[in-house]
Ligand SMILES: [Zn+2]
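Numbering (the numbering used here), first residue to last: -8 to 255.
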């Protein structure tokens, strides 16, 4: 306290002395009257507080900058995490792009748990509800029931009741809706990311239109028996980079990743 009082005394004395000089009066003891030296004194005090306020203002700014720096640092950490995640996501997209068939999925599976949402853009489910269909004809060579010859079947046939709802197996864009009575009948082709396309054949009705963007598992139409068909069923194809591949490996893809994440 004594130190503070001494400091105050000295400082005030110095200010007063200096103020006296400025005021042109060297020996004034009268502090209670308004004199030029007192005016100078109060100007000094005013300036001191002004400086203090200005200093606080800038100091405050410095504090805010430091604070926002720490926020920025946090942001950068999360940003770098998201960049890292984006790298994984891009890598996954790249691998999906290179994928030739679903038998090559093993090298992707460890990454899928990090970005399961990528499966929304890749055919990774069955287009019908599980309880609604029976796999009546797999992909591959088979004896054609109508053509009576051994022929490769480029899709899978899912036998289901007429008007059973069909759902897109991934998000994408409806690129073609055609009716071919000598082939797949009324069918829809959807283009997805990473070089995938899906075809839904022998449909009874279509609920989407050409050029429409659709989400994963959106309702696209109903099972029928249009075109060359022996009964109501869905002929489902997955086309990868222009080649029709076996879709069987894609049926449980999303479901398995979901189970894996649920058990983590
Ligand atoms: Zn078929």
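Glycine residues also receive a C-beta, built at the ideal position from the N, C-alpha and C atoms.
Under a 10 Å Cβ-count criterion, residue 115 is classified as buried, with 16 or more other Cβ atoms of the shown protein chains found around its own Cβ.
For residue 226, the beta-bridge partners assigned by DSSP are 148, 192. With a cut-off of 8 Å, the C-beta of residue 141 is classified as distant from ligand 1, since no heavy atom of the ligand falls inside that distance. Exclusion of the five residues before and after residue 134 leaves 141 as the residues of its chain whose Cβ lies within less than 7 Å of its Cβ. Exposed is the label assigned to residue 97, since fewer than 16 other Cβ atoms lie within 10 Å of its Cβ. Its chain contains 157, 176, 177, 178, 179, 212, 213, 214, 215, 217, 225 as the residues whose beta carbon lies nearer than 8 Å to that of residue 194, once the 5 sequence neighbours on both sides are disregarded; these appear in chain order. Excluding its 5 nearest sequence neighbours in each direction, residue 78 has no C-beta neighbour in its own chain below 6 Å. The residue from 246, 138, 144 with its alpha-carbon nearest to that of residue 132 is 144. A contact between stretches requires three or more CB pairs, one per stretch, nearer than 8 Å, and the segment 196 to 203 fails this requirement with the segment 118 to 125. With a beta-carbon spacing of about 29 Å, residue 126 and residue 102 fall beyond the 8 Å limit used to define contacts. When the five nearest sequence neighbours on each side are left out, the beta carbons in the same chain lying within less than 6 Å of the beta carbon of residue 170 are those of 177, in order along the chain. Of the candidates 235, 148, 184, the residue whose Cα lies closest to the Cα of residue 219 is 148.
In this structure, residue 187 and residue 113 form a Cβ contact; the two beta carbons are roughly 6 Å apart against a cut-off of 8 Å.
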